[in-house]
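Protein chains in written order, with my numbering: chain A, 50 to 160; chain B, 22 to 197.
All residues carry an ideal CB built from backbone N, CA and C; glycine is no exception.
Working notes, structure below.
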């Protein structure tokens with residue numbers, strides 16, 4: 050298994066005003082194997098291994114859920130928007146097809 | 022030093038995001054020279070784009086038919102930014118944004134991304150709620166070969182809005 054799998058980065062704007070619609074940038078380290086690629090050394094197909102679901106919770110409420118397929122790039126980057134109308138944790142959970150669950154929580158602090 | 026965890030990766034992160042914004046900038050600079058595909062087009066063939074109905078592979082037609090039935094797609098209110106030429110099909114940045122409202126009772130509930138010539142044309146979807154504040158999504162996707170990329174937005178009333186772009190791929194991104 051590749052090193053560093055499940056490492057997550059979440060980036061929010063440095064200053065957030067109350068009610069501002071903020072850009073949330075996320076990156077997770079994951080091989081996102083399609084199942085079609087052949088290992089050059091062993092000549093065998095590398096089995097499929099990719100993230101198929103991403104959930105975004107803001108203050109404990111599910112606000113967004115993404116469905117992914119193998120066609121999302123390796124080490125997936127995704128950005129989306131959240132309306133920062135309260136001080137609350139923003140939790141993002143990635144799930145892959147082998148049962149791996151990766152999550153990270155950041156605090157949204159509107160001023 | 023709460024940023025300690027980030028300090029090492031900050032450079033890497035900036036590099037990555039910098040690459041995307043550079044790509045997007047070049048696209049937006051060029052897009053002024055490309056006629057936009059605005060205006061409403063009837064039916065699913067509208068989603069397939071003008072003059073593309075015959076050329077589109079069967080897979081994408083079936084996928085759109087099974088996902089949306091026969092509903093009409095309005096080709097407006099959605100801006101999709103992609104590179105015109107992707108040197109590496111394994112990493113194609115797609116940026117979707119929309120000016121559609123995100124109010125309770127009238128919001129964009131789902132964003133879909135399709136690539137015609139991939140083995141499975143469905144790439145990803147994202148469910149949204151008014152708490153998102155804006156209907157937008159950026160994602161990096163894999164493309165097997167040169168293809169039309171489509172995005173379709175579904176609002177809470179079931180109306181569909183879309184946009185399509187063709188991306189040229191010089192090296193495919195599905196391994197093999």
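Nearest neighbour of residue i, chosen from the options [CA to CA]
{"i": "residue 128/A", "options": "88/B, 99/B, 156/B, 100/B", "result": "156/B"}
{"i": "residue 103/B", "options": "150/B, 162/B, 130/B, 127/B", "result": "162/B"}
{"i": "residue 110/B", "options": "172/B, 185/B, 177/B, 168/B", "result": "168/B"}
{"i": "residue 135/B", "options": "171/B, 112/B, 94/B, 191/B", "result": "171/B"}
{"i": "residue 77/A", "options": "56/A, 92/A, 60/A", "result": "56/A"}
{"i": "residue 140/A", "options": "160/A, 156/A, 125/A", "result": "156/A"}
{"i": "residue 116/A", "options": "146/A, 154/A, 64/A", "result": "146/A"}
{"i": "residue 177/B", "options": "80/B, 187/B, 79/B, 121/B", "result": "121/B"}
{"i": "residue 125/B", "options": "145/B, 150/B, 137/B", "result": "150/B"}
{"i": "residue 137/A", "options": "112/A, 148/A, 149/A", "result": "112/A"}
Distance between residue j and residue i (C-alpha atoms, nearest Å)
{"i": "residue 58/A", "j": "residue 75/A", "result": "6 Å"}
{"i": "residue 180/B", "j": "residue 97/B", "result": "12 Å"}
{"i": "residue 139/B", "j": "residue 123/B", "result": "31 Å"}
{"i": "residue 77/B", "j": "residue 87/B", "result": "16 Å"}
{"i": "residue 141/B", "j": "residue 107/B", "result": "19 Å"}
{"i": "residue 154/B", "j": "residue 104/A", "result": "17 Å"}
{"i": "residue 101/B", "j": "residue 184/B", "result": "6 Å"}
{"i": "residue 95/B", "j": "residue 89/A", "result": "46 Å"}
{"i": "residue 160/A", "j": "residue 66/A", "result": "5 Å"}
{"i": "residue 164/B", "j": "residue 148/B", "result": "23 Å"}
{"i": "residue 192/B", "j": "residue 127/B", "result": "41 Å"}
{"i": "residue 150/A", "j": "residue 143/A", "result": "6 Å"}
{"i": "residue 84/B", "j": "residue 64/A", "result": "42 Å"}
{"i": "residue 121/A", "j": "residue 91/B", "result": "27 Å"}
{"i": "residue 146/B", "j": "residue 152/B", "result": "17 Å"}
{"i": "residue 130/B", "j": "residue 124/A", "result": "26 Å"}
{"i": "residue 143/B", "j": "residue 92/A", "result": "28 Å"}
{"i": "residue 114/A", "j": "residue 93/B", "result": "25 Å"}
{"i": "residue 89/B", "j": "residue 175/B", "result": "9 Å"}
{"i": "residue 60/A", "j": "residue 148/A", "result": "26 Å"}
{"i": "residue 152/A", "j": "residue 79/B", "result": "38 Å"}
Neighbourhood of residue i by C-beta distance below 8 Å, restricted to the same chain and skipping five residues each side
{"i": "residue 118/A", "result": "99, 101"}
{"i": "residue 134/A", "result": "67, 68, 159"}
{"i": "residue 82/A", "result": "95, 96, 97, 98, 99, 119"}
{"i": "residue 53/A", "result": "78"}
Inter-residue CB distance, residue i and residue j (contact presumed, cutoff 8 Å)
{"i": "residue 97/A", "j": "residue 84/A", "result": "3 Å"}
{"i": "residue 62/A", "j": "residue 72/A", "result": "7 Å"}
{"i": "residue 182/B", "j": "residue 112/B", "result": "Not really, about 27 Å apart at Cβ, beyond 8 Å."}
{"i": "residue 81/B", "j": "residue 137/B", "result": "5 Å"}
{"i": "residue 115/B", "j": "residue 159/B", "result": "7 Å"}
{"i": "residue 189/B", "j": "residue 105/B", "result": "7 Å"}
Other residues of its chain near residue i: CB distance less than 7 Å, five sequence neighbours each side excluded
{"i": "residue 70/A", "result": "130, 132"}
{"i": "residue 56/B", "result": "Since pLDDT at residue 56/B reaches only 41, below the 50 mark, its modelled position is unreliable, and no value is offered."}
Neighbourhood of residue i by C-beta, 6 Å cutoff - its chain only, sequence neighbours within 5 removed
{"i": "residue 118/B", "result": "100, 157"}
{"i": "residue 23/B", "result": "Low local confidence applies: a pLDDT of 47 at residue 23/B is under 50, so the model's placement there is unreliable, and no value is given."}
{"i": "residue 186/B", "result": "101, 103, 170"}
{"i": "residue 86/A", "result": "95"}
{"i": "residue 106/A", "result": "140"}
{"i": "residue 154/A", "result": "138, 140"}
{"i": "residue 126/A", "result": "76"}
Proximity test, residue i beta-carbon vs the ligand GTP heavy atom, cut-off 6 Å
{"i": "residue 106/A", "result": "In terms of ligand content, the structure shown is empty, and the ligand GTP therefore cannot be addressed."}
Closer than 7 Å to chain D by CB, residue i
{"i": "residue 137/B", "result": "Note that chain D does not occur in the displayed structure, where the protein chains are A and B."}
Members of the segment 176-191 of chain B near chain A, C-beta cut-off 8 Å: none
Against chain A, which members of the segment 146-169 of chain B pass a CB distance test of less than 9 Å? 146, 147, 148, 149, 150, 151, 152, 153, 154, 155, 156, 157, 158, 159, 160, 161, 162, 163, 164, 165
Of all the residues that make up the segment 100-118 of chain B, which are near chain A by a beta-carbon distance shorter than 7 Å? 111, 112
Please list, in chain order, the residues of the segment 112-146 of chain A that have any C-beta partner in chain B closer than 9 Å. 112, 113, 114, 115, 116, 117, 118, 119, 120, 121, 122, 123, 124, 125, 126, 127, 128, 129, 130, 131, 132, 133, 134
Against chain B, which members of the segment 88-108 of chain A pass a CB distance test of less than 7 Å? 107
Taking a Cβ distance cut-off of 7 Å, strictly less, list which residues of the segment 61-74 of chain A are near chain B, in chain order. 70, 74
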